[in-house]
Every structure is written in structure tokens, then in C-alpha cells.
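Asks: Under the numbering used here, the first residue of the sequence shown carries the number 2, and numbering increases by one thereafter. Backbone N, C-alpha and C define an ideal beta-carbon position, used for all residues, glycine too. Small disclaimer: the values here were computed from a predicted structure and weren't measured. Below is the structure I would like to discuss, written out as C-alpha cells.
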Amino acid sequence: MNRLRPLLIFQFFTALCFAEFEKDFQLKLILAEPGDTIKLESGLFPILGTLSMEGKEDIVIRGAGMNGTILSFAGQVEGAQGLSITNCTNITLEDFTVQDAKGDAIKCQYVNGITFRRVKAQWLGG
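Below, the structure written as C-alpha cells:
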């Protein structure tokens with residue numbers, strides 16, 4: 002058991018960090034003002050629920066490259082989409098990957114003007 006303790010502690014703190022990323026990203030989507038750029042760091046980030054942005058305009062979501070920023074929904078327990086964008090205008094998504102969402106990787110509804118640059122949607126589970 003003593004050998005497992007460091008591994009369990011590592012897993013606990015890793016889960017906290019990833020949960021913090023998801024919470025922080027969702028908060029940025031909610032609080033975004035016209036002209037804002039939401040920057041995502043490089044890394045593989047497990048996401049447990051649908052991330053959503055609604056009623057925004059002139060927003061850029063920018064990662065660190067398709068292979069640099071990966072939003073993984075493999076363990077998704079809430080919602081069916083990865084990223085849901087609704088009732089928005091002039092949205093730009095660039096330089097990230099959405100991976101293994103239960104349903105649509107990125108779902109856009111009632112959006113006037115959306116640009117995808119170097120964005121990848123992939124399902125690895127087969």
C-alpha cells in the first residue's frame with residue numbers, strides 16, 4: 002500500500018488540475034467580451050462535460066497548435082457535444098484539437114460568421 006500512496010496522490014492532484022482547467026475555460030467562455038481572445042495552453046486536457054458559449058460576438062479561441070492543445074472528452078459524463086457555440090457572431094476557432102466527444106465535437110447553432118483555422122476533430126475510440 003505504501004508504494005501505491007504516491008501514485009494515488011499524483012492521480013488526485015492531476016484530477017484537480019484538469020477539473021480546474023475545465024472550470025477556468027468555461028468561465029472564460031461565459032465572461033468573454035467582444036474582441037477577447039481566449040488562449041489555451043499546450044497540453045492534453047480531459048474534459049468531463051460540454052463546454053458552451055452563448056450570445057457572444059467577435060471572440061477568438063486560440064490553442065497552441067492542433068497537436069499542442071488537445072481537449073479530450075474521452076471520459077465525458079455530461080452533455081453530448083464537446084464545444085457548443087450558440088447565438089454568436091464572428092467567432093474564430095484556431096490551433097487546437099477536440100477529441101473523443103460523445104456526439105458532435107464542435108456544434109454551432111444560430112452562428113453568424115464562424116472561422117475554423119487548424120482545428121481538428123477526431124475520435125480515437127473506433
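Comparing alpha-carbon positions, which option in 115, 118, 123, 114 lies nearest residue 100?
Replies: Nearest option by C-alpha distance: 123.
Asks: Per DSSP, what are the beta-bridge partners of residue 109 in this structure?
Replies: Residue 109 is bridged to 86.
Asks: Going by C-alpha to C-alpha distance, which of 92, 112, 22, 114 sits closest to residue 62?
Replies: With distances taken between Cα atoms, residue 62 lies closest to 92.
Asks: Please report the straight-line C-alpha distance between residue 108 and residue 43, rounded to a whole angstrom.
Replies: Their backbone Cα atoms lie some 23 Å apart in a straight line.
Asks: Measure how close the beta-carbons of residue 52 and residue 71 come, nearest whole angstrom, since I'm counting them as under 8 Å.
Replies: Actually they do not touch by this definition, with Cβ atoms about 14 Å apart.
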